[in-house]
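What follows is a single structure, written as structure tokens, with notes after it.
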Amino acid sequence: MNVLKETEKYRDKRLVENLVVTSVMEYVRIYGMENTERMDRIFRKRVHRADYVAEYQRVYDANKVLFKGQPAVPFTFKDITGKKVSLSDLKGKYVYIDVWATWCGPCNAEIPHLKKLEEEFEGRNIYFVSISCADSRNAWERFVQVKQLGGIQLHMGGDKSFMEAIRCKGIPRFMLIDQDGKFLNANMPRPSDGKTLEILNALPGL
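In this text, residue positions in the sequence shown follow my numbering: the first is 20, and each later residue adds one.
Shown next as structure tokens:
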């Protein structure tokens, strides 16, 4: 937003368009389009070149499925015991999802913070679900057992269609889903971010 505000100083419309397009598309590539209403308004006000607008609209439409209030992307994966668990099985409670892998350093760094969240909200109206995209199920099972991971632990089993559907370009990725199975935030802050605890504490009925 700071970059977009700076564009107000320039009179060259082509320069403004290039700055806005570059900034917005880079942001969307990394963070998606959750909570970008102000950014969207600025883009549509300042960018008029047809090819820029068309590409932005394509990306906007592709991301709409992840907007707040949209039905969350469904999944069915096996847990540590081999039992299939689906998103629909978890309705009635909030669901905080962590997409991760055993080999991912940033993912591992979040584990202690995730455990603290699980302890903080134990027995309350929320599930903590970790979905591993690691290729080796055996390595994942050993990791879960050795690290004594809590919550609901699931493994994708080589099926990356869920990651494609949520437009996951990097891990860890965190999401928050409401009791009716709809997105509250498809790009939640990490457990180590203080905002996460604030958001969860503010959930009605938790």
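Heads up, the beta-carbon is just placed ideally off N, CA and C, and yes, glycines get one too.
Outcome for residue i when other beta-carbon atoms lying within 10 angstroms are tallied against a minimum of 16
{"i": "Ser151", "result": "buried"}
{"i": "Leu34", "result": "exposed"}
{"i": "Thr95", "result": "exposed"}
{"i": "Thr215", "result": "buried"}
{"i": "Val92", "result": "buried"}
{"i": "Asp178", "result": "exposed"}
{"i": "Met194", "result": "buried"}
{"i": "His67", "result": "exposed"}
{"i": "Gln76", "result": "exposed"}
{"i": "Asp108", "result": "exposed"}
{"i": "Glu25", "result": "exposed"}
{"i": "Leu22", "result": "The residue you asked about is not Leu; residue 22 is Val in the sequence shown. Counting Cβ neighbours within 10 Å, Val22 comes out exposed, since fewer than 16 surround it."}
{"i": "Asp31", "result": "exposed"}
Identified DSSP bridge partners for residue i
{"i": "Leu173", "result": "Asp98, Ile150"}
{"i": "Met194", "result": "Ile116"}
{"i": "Ile145", "result": "Tyr113"}
{"i": "Pro93", "result": "Answer is none; Pro93 lacks a bridge partner."}
Unbroken beta strand (DSSP E) run spanning residue i, endpoints
{"i": "Leu117", "result": "Sequence check: residue 117 is Asp here, not Leu. Run containing Asp117: 113–119, per the beta strand (DSSP E) assignment."}
{"i": "Val104", "result": "103–105"}
Bounding residues of the alpha helix (DSSP H) (the contiguous stretch that carries residue i)
{"i": "Leu109", "result": "Run containing Leu109: none; DSSP gives neither H nor E here."}
{"i": "Leu203", "result": "Where Leu203 is concerned, there is no enclosing alpha helix (DSSP H), although the beta strand (DSSP E) it sits in stretches over 202–204."}
{"i": "Glu27", "result": "Run containing Glu27: none; DSSP gives neither H nor E here."}
{"i": "Cys126", "result": "124–139"}
{"i": "Ser211", "result": "No alpha helix (DSSP H) holds Ser211; DSSP gives it neither H nor E."}
{"i": "Val163", "result": "156–166"}
{"i": "Ala184", "result": "180–184"}
Proximity to residue i [Cα-Cα], best of the options
{"i": "Gly200", "options": "Asn157, Arg48, Leu106, Gln172", "result": "Leu106"}
{"i": "Tyr113", "options": "Gln76, Leu133, Val148, Phe94", "result": "Val148"}
{"i": "Met182", "options": "Thr26, Leu85, Thr55", "result": "Leu85"}
{"i": "Lys135", "options": "Ser211, Thr55, His67, Ile49", "result": "Ser211"}
{"i": "Ala81", "options": "Leu38, Lys103, Asn144, Gly51", "result": "Gly51"}
{"i": "Arg48", "options": "Glu74, Ile145, Gly124", "result": "Glu74"}
{"i": "Glu139", "options": "Asn220, His67, Trp122", "result": "Asn220"}
{"i": "Gly88", "options": "Leu133, Asp108, Gln198, Val165", "result": "Gln198"}
{"i": "Arg65", "options": "Met44, Val78, Val40", "result": "Val40"}
Complete alpha helix (DSSP H) runs within the region 29–78 (minimum length 4 residues, chain order): Contiguous alpha helix (DSSP H) elements confined to the region 29–78 occur at 32–50, 56–65, taking only those with 4 or more residues.
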